[in-house]
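Residue numbers (my numbering): 3 to 556. All C-beta atoms, glycine included, are put in the ideal place defined by N, C-alpha and C. Have a look at the structure below before the remarks.
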């Protein structure tokens with residue numbers, strides 16, 4: 003059977019079991035979140051009435067903010083940004099206001115860093131000094147950004163860039179534009195302040211020993227997220243293109259009732275920290291019919307980092323992601339790694355990932371703590387995935403998923419440590435109806451020796467990849483109706499210290515070695531309805547593994 007026919011037969015299986023997965027317990031439709039939409043008065047204020055000038059040169063910060071304040075004070079309504087190019091500094095959203103961008107409008111944020119004051123903010127789950135975000139709101143409710151226009155954060159002025167992520171001509175043009183190249187000739191920085199900040203550990207972290215002068219000396223390094231909504235309620239982002247962010251693109255933090263609909267989040271693929279959307283410690287969220295093409299994770303769930311996240315204690319919960327497309331990104335749909343406040347009741351359905359580094363990406367590390375549980379994904383299509391189609395990893399090392407050319411990495415050293423509040427927990431994941439045409443690895447599950455990943459239920463997967471399934475330090479993993487077409491099948495399935503691992507309906511055209519079982523802590527690995535005759539060898543055992551840990555059922 004050729005590759006096309008094999009994948010086509012797998013697609014037919016996906017269609018056959020689609021209704022079953024939709025109706026079954028693997029996707030509890032009665033638990034889907036309810037999200038409240040904002041409601042606005044029809045009154046409209048045009049920013050031109052407040053002196054805004056459409057020439058791409060005049061700074062319209064005061065005009066736009068005045069229109070928003072007046073609209074809010076009068077009971078709310080719509081603030082209209084007409085067609086044209088509108089240069090501006092930071093904009094503050096206010097309650098009961100819908101900032102509406104007309105078609106053919108471009109809201110361009112200035113590249114003059116002096117327009118962005120340093121403020122106390124949050125970066126990667128920790129309280130930090132940052133430059134004021136281009137668009138922001140704090141403790142507001144009933145707010146929206148809608149329309150058909152474009153919001154450009156001017157991010158190329160802020161970001162450092164790795165040489166290995168550009169073509170030779172792009173690197174030549176960038177270095178000729180100014181800025182600073184490091185001694186290794188591998189990284190470009192916009193300014194001396196960026197260089198200084200990059201050389202320090204957490205320079206923006208708020209502490210009593212840092213003065214205003216210190217923060218000013220690294221100001222350019224403290225890149226803002228394009229949109230930050232802090233502790234807001236009833237939010238709508240609809241129709242608008244958000245692009246070229248200095249750091250993350252969209253960052254709702256501790257918000258409630260958030261709807262993101264028909265949004266396009268866009269960044270260059272080389273954009274450092276150029277995430278699409280990071281939903282952090284939020285409750286009741288709907289992300290639908292949106293497109294992400296960015297430089298870091300596409301759609302990401304977070305809840306704070308380490309002790310600060312645990313102290314905040316606000317999980318991201320009750321989230322629905324549906325009908326979204328992710329092109330370039332480190333991960334299509336992602337949870338972590340800053341998930342110390344937890345994540346639960348997350349639903350992902352009918353999404354397509356094309357050219358992402360990883361498809362479904364769940365990541366954490368020791369020190370985080372936090373519980374990620376009750377995660378559901380179904381009807382996911384993937385194509386040309388650079389690394390893993392589905393990944394669970396509790397050894398996240400804060401590096402790009404795919405090594406750059408010449409970059410060498412070593413696997414983390416496995417050691418047994420005590421379980422504490424800093425030990426993260428992954429449990430109860432249900433993933434069904436996944437079709438992947440091209441990946442480096444089909445499935446990777448790696449827990450900690452002191453605390454396994456528990457309760458991973460994968461059903462009806464059809465994956466074409468270079469290698470198959472890799473399971474390490476996991477418990478209660480069920481894989482039903484899995485079809486694999488891999489280039490390297492020695493082994494097709496690797497298991498290290500796995501307990502209660504069950505395969506039912508494992509299909510493949512051929513395999514040199516079906517199972518490699520490793521480590522002394524394997525037990526109750528069962529296989530039923532596998533294409534055993536297509537394997538040259540069924541199993542091998544090493545590193546203290548007992549052959550009785552694997553049972554092949556008729």
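What I want to know is whether the C-beta of residue 250 ends up closer than 7 Å to one or more non-hydrogen atoms of the ligand ADP. Of the ligands one can find in the structure shown there are none, so the ligand ADP has no counterpart to examine.
Would you tell me roughly how many angstroms separate the C-alpha atoms of residue 428 and residue 229, rounded to the nearest one? 29 Å
Endpoints, the alpha helix (DSSP H) within which residue 196 is located: 194–200
So what does residue 390 bridge to, in DSSP terms? 443
Out of 238, 388, 273 and 310, point me to the one whose CA is closest to residue 289's CA. 238
Distance CB(residue 200)-CB(residue 162) smaller than 8 Å: For the pair residue 200 and residue 162, the CB atoms are nearer than the 8 Å cut-off.
Work out the CA separation of residue 437 and residue 84 for me, nearest whole Å. Their backbone Cα atoms lie some 43 Å apart in a straight line.
Which stretch, first to last residue, makes up the beta strand (DSSP E) that contains residue 362? Under the DSSP assignment, residue 362 falls in the beta strand (DSSP E) whose first and last residues are 360–365.
Proximity of residue 113 and residue 58 at Cβ, strictly below 8 Å: no
Bridge partners for residue 518 per DSSP, in chain order? 496 and 542
Taking only runs of the beta strand (DSSP E) that begin and end inside the region 216–245, which ones reach a length of at least 3 residues, in chain order? 229–232, 235–240 and 243–245
So residue 173 is in the alpha helix (DSSP H); what residue range does that whole segment cover? 170–178
Could you tell me which whole alpha helix (DSSP H) segments of length 4 or greater appear in the region 29–104? 63–75
According to the neighbour-count rule (16 or more other Cβ atoms, all chains shown, within 10 Å of its Cβ), is residue 469 buried or exposed? buried
Same chain only: Cβ atoms within 6 Å of residue 430, ignoring 5 sequence neighbours per side: 375, 376 and 457
Hey, how far is the Cα of residue 97 from the Cα of residue 451? Rounded to whole angstroms, residue 97 and residue 451 show a C-alpha spacing of 49 Å.
Can you name, in chain order, every residue of its own chain whose Cβ lies under 6 Å from the Cβ of residue 621, other than the five neighbours on each side? Absent from the model: residue 621. The displayed extent of the chain is 3 to 556, so no value can be given.
Check whether residue 446 and residue 478 have beta carbons under 8 Å apart: The criterion of a C-beta distance shorter than 8 Å is not satisfied by residue 446 and residue 478.
Segment contact flag, the region 346–360 with the region 407–421, C-beta cutoff 8 Å, min 3 pairs: no
Distance between residue 334 and residue 301 (C-alpha atoms, nearest Å): 6 Å
Compare the C-alpha of residue 312 against each of 343, 151 and 122 and name the closest. 343
In this structure, does DSSP put residue 354 in helix, strand or coil? strand
Given that a residue counts as buried once 16 or more other Cβ atoms are within 10 Å of its Cβ, and exposed if not, what is residue 7? Confidence at residue 7 is low in this model, with a pLDDT of 44, below 50, so its placement is unreliable and the value that follows should be read with caution. By the 10 Å Cβ count, residue 7 comes out exposed.
Distance between residue 465 and residue 482 (C-alpha atoms, nearest Å): 13 Å
Have a look at residue 444 and residue 110 and give me their C-alpha separation to the nearest angstrom. 41 Å
Could you spell out the range, first to last residue, of the alpha helix (DSSP H) harbouring residue 308? 308–314
C-alpha distance - residue 490 paired with residue 390, whole-angstrom precision: 14 Å
Those residues which DSSP pairs with residue 211 across a bridge: Answer is none; residue 211 lacks a bridge partner.
In three-state terms, what does DSSP make of residue 419? coil
Tell me which residues share the same chain as residue 73 and place their Cβ nearer than 8 Å to its Cβ, disregarding the 5 neighbours each side in the sequence. Result list for residue 73: 45, 47, 79, 80, 81, 96, 98 and 99, in chain order.
Return the CA-CA distance between residue 403 and residue 439, expressed in angstroms with no decimal places. 19 Å
Taking residue 148 as part of the beta strand (DSSP E), name the residues at either end of that continuous run. 143–149
Please state whether DSSP places residue 346 in a helix, a strand or coil. If DSSP states are grouped into helix, strand and coil, residue 346 belongs with the strands.
Does DSSP put residue 504 in a helix, a strand or coil? Reduced to three states, the DSSP call for residue 504 is strand.
In whole angstroms, what separates the C-alpha of residue 37 from that of residue 236? 8 Å
Spatial neighbours of residue 488 within its chain, please: C-beta separation below 6 Å, excluding the five flanking residues on both sides. The beta carbon of residue 488 sits closer than 6 Å to the beta carbons of 467, 469 and 470 from its chain, once the five residues preceding and following it are set aside; these are given in chain order.
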